[in-house]
Every structure is written in structure tokens, then in C-alpha cells.
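Written below as C-alpha cells is the structure these notes are about.
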Amino acid sequence: MQSRPAVHLAIPVDDLDAARRFYGDILGLDRGRSSDHWIDWDLYGHQLVTHRVAGEITAQGLSEVDGHRVPVPHFGLLLRTADFHVLADRLRTAGVEFVIEPYLRFPGRPAEQWTMFLRDPAGNALEFKAFADETQVFTR
């Protein structure tokens, strides 16, 4: 059986303990290999690596999308709808502040999707979304 391709993403953090709490305890990701300078995370089958860096980590900018100010750059993941809502509830319970609260975009249209934006403790912007019909991800 051939495995599906997976993404490898490395992001900067200024505090590995804060990253450990956020990605492990709050997001519920399984931890992989680690050192004093980095931690591997299983992001739903994709490899996310939090690398400790010296200095300030700053956001780059905002882009207008559907009347919301979307942080750029950001990274994220497409989830199944049920997983999206479980994660949104988990984040609310943990008291995570959303940049953009979970909401439904394009209701009743081919690209109907749930989306939410948040930041990790280092300020990295994350987006999670779920399409009503996963075959419509790239529909124009």
C-alpha cells in the first residue's frame, strides 16, 4: 500500500515549553523526536517542527478576505467537519483567543466550508478549515 504524501513544515517559536503546552496539550498533537532546540509534532499525519529561535517573532501582515482581516503568512490544515468542531470546542475550552472565530463561509454553495484562525504562543498564525464536500476544495 502506498502512503499519501505528507507536508513537512518548520516554524519558529521563542519558548519550547509554551510550544509543548500549546501543540501538545491544547491542540492535542502527538510529540515525536525532540531536542533542546526543536520538537517534532504529528499534525494529523503531517510533520510540524517547532524550532526555538532567538529574537522576536513578528506577524507579517493582514489580508482582507470576506470582510475579515486574515493574518499572512499563516499555515493550517483541512479537517473533516466533525474534527473541525471537536478542535474548535477544544480551543474554546482551553481559552484560546481566536483571530477569526469559527464560522461558515459560502453556505449552500459548492465551496461551503468552516474556517477559524488563531495564533500560537509565538505569534504564528494558524488556519483550520473543513469543507462540506472535500471534492470542492479547488472549485472556482
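For the sequence shown, the residue numbers in my numbering are -5 to 134.
For each residue, glycine too, the CB sits at the ideal point set by N, CA and C.
Nearest-angstrom beta carbon gap, His68 and Ala119 [assumed within contact, 8 angstroms]: To locate residue 119, count along the sequence shown from 1; it is residue 125. To locate residue 68, count along the sequence shown from 1; it is residue 74. Taking 8 angstroms as the upper bound for CB-CB distance, Ala119 and His68 are in contact here, some 4 angstroms apart.
Alpha carbon of Arg63 to alpha carbon of Asp34, nearest angstrom: Position 69 of the sequence shown, counted from the first residue, corresponds to residue 63. Position 40 of the sequence shown, counted from the first residue, corresponds to residue 34. The straight-line gap from Cα to Cα measures roughly 30 angstroms.
For Pro6, the residue or residues it bridges with in DSSP: For the purposes of this step, residue 6 is taken as the residue at position 12 of the sequence shown. Pro6 is bridged to His45.
Cross-strand partners of Tyr97 (DSSP beta bridge): Translated into the one-based positions of the sequence shown, residue 97 becomes position 103. For Tyr97, which the question treats as bridged, DSSP gives the partners Thr109.
Limits of the beta strand (DSSP E) - the one that Ala124 falls within: Working through the sequence shown from its first residue, we reach residue 124 at position 130. The continuous beta strand (DSSP E) containing Ala124 extends over residues Ala119 to Phe125.
Closest residue to Phe16 among His2, Gly89 and Asp77 (Cα-Cα distance): In the sequence shown, the residue the question calls residue 16 occupies position 22. Of the candidates His2, Gly89 and Asp77, the one whose C-alpha sits nearest the C-alpha of Phe16 is Gly89.
Local conformation of Ile33 per DSSP, three classes: Your numbering for residue 33 matches position 39 in the sequence shown. Here Ile33 carries a strand assignment [DSSP, helix/strand/coil].
Closest residue to Arg(-2) among His40, Arg25, Arg27 and Pro6 (Cα-Cα distance): Translated into positions along the sequence shown, residue -2 becomes position 4. The residue from His40, Arg25, Arg27 and Pro6 with its alpha-carbon nearest to that of Arg(-2) is His40.
CB of Asp8 within 8 angstroms of CB of Ile51, strictly: Against the sequence shown, residue 8 aligns to sequence position 14. Against the sequence shown, residue 51 aligns to sequence position 57. Contact annotation: Asp8 and Ile51 have beta-carbon atoms nearer than 8 angstroms.
DSSP-derived helix/strand/coil call for Arg(-2): Here residue -2 refers to the residue found at position 4 when the sequence shown is read from its first residue. It is coil, neither helix nor strand.
C-alpha distance - Val47 paired with Gly102, whole-angstrom precision: Numbered from its first residue, the sequence shown carries residue 47 at position 53. Numbered from its first residue, the sequence shown carries residue 102 at position 108. Each residue's Cα considered, the two are about 44 angstroms apart.
In DSSP terms, what Leu85 is bridged to: As a position in the sequence shown, residue 85 is number 91, starting the count at 1. DSSP lists no bridge partner for Leu85.
Where Asp11 sits in the DSSP three-state scheme: Locating residue 11 in the sequence shown gives position 17, counting from the first residue. Here DSSP, grouped into helix, strand and coil, assigns Asp11 to helix.
Beta-carbon separation (whole angstroms), Lys123 vs Leu56, contact threshold 8 angstroms: Along the sequence shown, one-based indexing puts residue 123 at 129. Along the sequence shown, one-based indexing puts residue 56 at 62. In fact, because the Cβ distance is near 18 angstroms, the residues do not count as touching under 8 angstroms.
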